[in-house]
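The structure under discussion appears below in the form of structure tokens.
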Ligand SMILES: [Zn+2]
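Residue numbers (our numbering): -2 to 237.
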């Protein structure tokens, strides 16, 4: 069996037998990887709490046919502030689930890995109301389905943009409106997120516009994942 080193973020874990755990990790160099961590649920485990969802770790793994085997795991970032805050932890979980849904097994996606590491770092530093929404929009853009936000997706006009419909490609003018209404403030924030003014967007205080954008982002990611996930889900007991 081939031995390899990689860094990654633990997306989720499953129980395996009495003492072992399967960890699903988004790695930098090998895409999404499923690996067995033996003895991880024993109190004297070598891995301890290092292999839990959100953990950013450096690992040494044996490559297996389906499941790899973790032989070593060292913490890179543990996000103590985020872990102590249930609100932030819920946001982190939303990020991990979206990444788990779009990441392909053993298909390297360095951009996705960097986005996730960066978002968890941002969440550790600041509990921004728009963090999850911003991540979702960036994720959709990385997936090649960025919404049109500068003009109506049907006629191109930049005036009187009042609705958002991802199946139409983005924002829509009053004459062509379908989907969900979008306010001017929410549209402004969405433009900032998509044009690289991410820090300005993340500094926005919680309000109607941030809530609107979060609801739109959640719906957009869900419909994108639905289209992507045609294969039936594997049912395993979540070890939470
Ligand atoms: Zn139009």
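All residues carry an ideal CB built from backbone N, CA and C; glycine is no exception. Owing to the predicted nature of the structure, the values given are computational and were not obtained by experimental measurement.
- Annotated three-state conformation of residue 62 is coil, per DSSP.
- Per DSSP, residue 10 is one residue of the beta strand (DSSP E) stretching across 0 to 13.
- Between residue 60 and residue -1 the beta-carbon gap is near 4 Å, inside 8 Å, which marks them as a contact.
- Using a cutoff of 7 Å, the CB of residue 154 counts as near ligand 1, since one of the ligand's heavy atoms is closer than that.
- Following the DSSP letters along the chain, one finds residue 98 inside the alpha helix (DSSP H) bounded by residues 83 to 99.
- By the CB criterion at 8 Å, residue 22 and residue 6 fall inside the cutoff.
- Contact between the stretch 144 to 161 and the stretch 100 to 111 is absent, with fewer than three C-beta pairs closer than 8 Å.
- Where residue 154 is concerned, there is no enclosing beta strand (DSSP E), because DSSP gives it neither an H nor an E.
- A residue is called buried once 16 or more other Cβ atoms fall within 10 Å of its Cβ, and residue 152, having fewer, is exposed.
- According to the DSSP assignment, residue 192 belongs to no beta strand (DSSP E), since it is labelled neither H nor E.
- When C-beta atoms of the stretch 180 to 187 are compared with those of the stretch 205 to 212, three or more pairs fall below 8 Å, so the two segments count as touching.
- The C-alpha of residue 160 is placed about 19 Å away from the C-alpha of residue 204.
- For residue 35, no beta strand (DSSP E) run applies, since DSSP gives it neither H nor E.
- DSSP lists 160 as the beta-bridge partner residues of residue 169.
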